[in-house]
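Data block below; observations after.
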Amino acid sequence: MLMSLVIAHRGAKGAAPENTLRAIQLAADQGAEWVELDVMLTADEVPIIFHDQVLSLSAEVPVLVKDTPWKRMQNLQVAAPVGSTEPSAPIATLEQAVNLIHQLGLGLNLEIKPAAKGLGEVTLERSLEVLKSCPAINLVISSFDFSALQAAQRLAPNLARALLYETLAVDWRDAVRKFEVRSIHLANLDSLDAATIASIRELGLEAYVYTVNSLARAEELVSWGVSGVFTDFPDRFTRLLASKSKRVSAYGDPL
Ligand code: G3P
Ligand code: MG
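In numbering that gives the first Met the number 0, the protein residues as written are 0 to 254.
This is the structure we're talking about:
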């Protein structure tokens, strides 16, 4: 299997400020073995772990990540989700995130998320430079942006690549062949069905689904052949899985 059954989406984003070092640490504490993080470039091309192209909507004119140098960003805080008791946390660089991931022994699905149209290739290039300078980790590169996947194929052909779609595009098989991907990551929509997953598996690829926060839905997806799910709440899955295995050993029979 390329990744794991449970992948912490933006770290443990349900409890901690998303895409921060704290979210990565919490994902590991909650039993996740892989994390998914988004990477984009600041104005001075520092790869940072961040999801949105807009840095702040509170200013009169929205402040864009692509226009803001890292120096002006490094003291900004990412808020914890509503209802969480966690404090806010600083934005992390890719370098900081990879070092922590290595320390924790996690795998990383790095989603290349360009800060603006046309930045897919450079985002991949700068991210690769950082990844090469850090200790080696298990890694899968994914993107909605074809130019990022193409650059990954050219510059790091041995790195596992994944196509991201909300729903499969009509020409998805062409994209699979062109970018030589190992997996496809699809949105958890009501329209997603077992036949779609089967068509992906028929090509010898793995399928992963984002974002799944209910164990029942995850079990349904796995029964269709999905290899793993991205979740904001790894603890919901790991706790329940642990209690299941306890019951197996208590009664001797699988449930
Ligand atoms: O990589 C899976 C998922 O993170 C894609 O959507 O918007 O959460 O980055 P998004
Ligand atoms: Mg993402």
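Here a beta-carbon is modelled for each residue, glycine too, at the ideal position from N, C-alpha and C.
Every value quoted in this text rests on a predicted model; they were computed, and no experiment measured them.
Q: Could you please give me the residues that DSSP links to Met2 through a beta bridge?
A: DSSP lists no partner for Met2.
Q) Can you find a heavy atom of the ligand G3P that lies under 8 Å from the Cβ of Thr230? A) Not so, every heavy atom of the ligand G3P lies at least 8 Å from the Cβ.
Q: Output yes if chain C places a C-beta closer than 9 Å to the C-beta of Leu36; else output no.
A: The displayed structure is made up of one protein chain only, and chain C is not part of it.
Q | Nearest to Leu214 (by Cα), restricted to the options Ala78, Asp234, Ala15, Glu85 | A | Asp234
**Q.** Where Arg176 sits in the DSSP three-state scheme
**A.** helix
Q.
Here's the rule: buried if 16 or more other CB atoms are within 10 angstroms of the residue's CB, otherwise exposed. What is Val225?
A. The Cβ neighbour count for Val225, taken over all protein chains shown within 10 Å, is at least 16; the residue is labelled buried.
Q) Helix or strand or just coil, what does DSSP make of Trp223? A) Of the three classes helix, strand and coil, the one that applies to Trp223 here is coil, per DSSP.
Q.
Please report the distance separating the alpha-carbon of Ile90 from that of Met0.
A. Answer to the nearest angstrom: the Cα atoms are 31 Å apart.
Q) Among the residues of its own chain, which have a CB less than 6 Å from the CB of Asp66, if the five just before and after it don't count? A) Within its own chain, the residues whose Cβ lies closer than 6 Å to the Cβ of Asp66, once the five positions on either side in sequence are excluded, are Ala42, listed in chain order.
Q.
Beta-carbon within less than 6 Å of Pro156's beta-carbon, same chain only, minus the 5 sequence neighbours each way: which residues are those?
A. Cβ within range, chain order: n/a, list empty.
Q | Cβ contact (3+ pairs, closer than 8 Å) linking the region 149 to 165 and the region 117 to 132 | A | yes
Q.
Distance check for Val169 and Leu202, CA to CA, integer angstroms please.
A. Between Leu202 and Val169, the C-alpha separation is close to 15 Å.
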